[in-house]
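Below is one structure; the comments refer to it alone.
In the numbering used here, the protein residues as written are 860 to 1478.
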């Protein structure tokens, strides 16, 4: 949800407690999911039904593996072809393939395991046994169809073999790396998204009291292998290695203690822990610009936006400063000021964090600059949309930088409307409108150094309105924002003038003419108060007060922004009409204020100057 990720964002997709899931890339409403005993379902979110499509629906409960025709592990792999989402693979000791979503299955391999029958006996005994398939051994543990070649499939077993077929399963070749021996569990094989001949293997031997990391790479279809564990701690055994689909040789490793990254195809590794707890990482997935980690016992974690790692080159690391090219930023619903009533609920327990909303901008600084540094967002015409500074005029424009990599977030909103202290608004706020889809630029400046990088703001693909409609919405919201600023600035100006008037009256007390000055001051303040009270409900002190004291012009204007920005859509005709009316009413008050400040105030200043008192300055 918009406030976070909670239980309502999840739903069951079939299968059971132990299994894999695989969603069709071309129809994500269809999900295949597994469980122990070879249980496999096809779930369709449109109907809510989960059809059992076991590759061999002969329930094995209570039997040892030796009794079975097919040995399906507790977590037998379920994988869809990345090149043909209608082709489904599952693994027992043989590899099964279905082209009909489980209606029919064919075994496309012989037994690909070591088939050690001494390890296929019933579990437990002599009194109590526990044969649920978690004990089954000599099974296919990982399947990796190549995303470059539909005939190329890699298979790893839980008893230490790596097998490959280059002809869709007709023939198989044992290409096990020399460092993988009997008893080693081949945890994951990653078929390179860049090169059909390249694959990465992660294997574990912790069950044999060997906690060393085992990870290998081949660039020649398994003819030769290279161990790639330099930099990974000696006891951080590796369960998974993934290659970044956008940058060849950029690798991520999930270990028993966290995540590592390699920028050089595994020649060296360094921790990518950040705020991730020390936790076993069982799998990693790169989705668009994000890295998702499945942990054991600590839920899912997502590293939002790995684009800096993709762009990190040797010359960047040697340099003093660098602005990375931002990834695409997606608009989220709502372009207005937001806000509701005065009340608000607390946060729900057990809610996961959403990623930052907006454009993520990364800046590398070897040292924090001594001079002022600025971050600016520019539109397609190079006009400044937002500006932040290490030496800001206003606190909301503050920019904080540290040595190293800085992540800065632009929430895609233009500058907010002006505020004043104690402002209370009902069903409205002061947030600036969301930028329309299009091309923008990020510019960082520090002294003589300046660097600019382009990026794109994209619309939610579910929104059907044209960009021209969103531009109409934006144009009206900008006008509303500016009128709200004008209203709030008027209140601020009135209060500043009134404060100076009171100071003058205080200085005049006890002097000749003090009574005349006080009378003139009261008359001037009465006129200013009438204007202020027409613009803002001065009796409002808390969020619920508008229920008792009618809102005034600035609140009505702000609330209109919430209406116009409630969804990604053009403004209604009525919204335009209401804005025209409110703008005219506000202008009448601004004209009254101008007349008071240009006529009544100078007359008051003439009087106080004749008494050698300081004049009131209207800024």
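Every residue gets a Cβ at the ideal spot worked out from N, C-alpha and C, and that includes glycine.
All values reported here derive from a predicted model rather than from experimental measurement.
Under the three-state DSSP convention, the category residue i falls into
i            : result
residue 976  : helix
residue 1028 : coil
residue 820  : Look at the range of the chain in this structure, 860 to 1478, and you will see that residue 820 is not part of it.
residue 1408 : coil
residue 1011 : coil
residue 1353 : helix
residue 895  : helix
residue 1414 : helix
residue 885  : coil
residue 1365 : helix
residue 1422 : helix
residue 1033 : strand
residue 1341 : helix
residue 1472 : coil
residue 1403 : coil
residue 1098 : strand
residue 1072 : strand
residue 1003 : strand
residue 1290 : coil
residue 1265 : strand
residue 1162 : strand
residue 1167 : helix
residue 1178 : coil
residue 994  : coil
residue 1225 : coil
residue 1211 : strand
residue 1080 : coil
residue 1121 : strand
residue 1378 : helix
residue 1085 : strand
residue 1142 : strand
Buried versus exposed call for residue i [16 or more other C-beta atoms within 10 Å across all chains shown]
i            : result
residue 986  : exposed
residue 1159 : exposed
residue 1479 : Look at the range of the chain in this structure, 860 to 1478, and you will see that residue 1479 is not part of it.
residue 1382 : exposed
residue 1253 : exposed
residue 1155 : exposed
residue 1202 : Low per-residue confidence applies at residue 1202: pLDDT is 37, beneath 50, and the placement is therefore not dependable enough to give any value.
residue 989  : exposed
residue 1460 : buried
residue 1188 : buried
residue 1186 : buried
residue 921  : exposed
residue 1245 : buried
residue 1114 : buried
residue 1063 : buried
residue 1250 : exposed
residue 1309 : exposed
residue 1102 : buried
residue 1276 : buried
residue 1432 : exposed
Beta-carbon gap between residue i and residue j smaller than 8 Å
i            : j            : result
residue 1395 : residue 1411 : yes
residue 1470 : residue 1355 : no
residue 1417 : residue 1343 : yes
residue 899  : residue 914  : yes
residue 1455 : residue 1387 : yes
residue 1264 : residue 1296 : no
residue 1091 : residue 1065 : no
residue 946  : residue 939  : yes
residue 889  : residue 873  : no
residue 1241 : residue 1248 : no
Inter-residue CB distance, residue i and residue j (contact presumed, cutoff 8 Å)
i            : j            : result
residue 1030 : residue 1057 : Actually they are not in contact, since the Cβ atoms of residue 1030 and residue 1057 sit about 21 Å apart, beyond 8 Å.
residue 885  : residue 944  : 5 Å
residue 924  : residue 1019 : About 17 Å; that fails the 8 Å criterion.
residue 936  : residue 953  : Contact doesn't hold; Cβ gap of about 13 Å is too wide.
residue 1168 : residue 1109 : 6 Å
residue 1314 : residue 1301 : 7 Å
residue 1140 : residue 1117 : 6 Å
residue 1012 : residue 1002 : 7 Å
residue 933  : residue 993  : 4 Å
residue 1237 : residue 1262 : The pair is not a contact, with the Cβ atoms about 26 Å apart (cut-off 8 Å).
residue 1267 : residue 1220 : 4 Å
Any non-hydrogen atom of the ligand COA closer than 7 Å to residue i Cβ
i            : result
residue 1054 : This structure lacks the ligand COA, and indeed carries no ligand of any kind.
List in chain order: all unbroken beta strand (DSSP E) runs of 3+ residues lying wholly within the segment 1227-1261. Whole beta strand (DSSP E) segments, 3+ residues: 1232-1237 and 1243-1248.
Could you name each continuous alpha helix (DSSP H) segment of 4 residues or more that falls completely within the segment 891-960, going from the start of the chain to the end? Listed in chain order, nothing qualifies, since the segment 891-960 has no complete alpha helix (DSSP H) run of 4 or more residues.
What alpha helix (DSSP H) runs, 4 residues minimum, are completely inside the segment 1422-1460? Segments of the alpha helix (DSSP H) lying fully in the segment 1422-1460: 1432-1454.
Any beta strand (DSSP E) of 3 or more consecutive residues that is wholly inside the segment 1270-1320: Runs of the beta strand (DSSP E) lying entirely within the segment 1270-1320 and spanning at least 3 residues, in chain order: 1297-1305 and 1308-1317.
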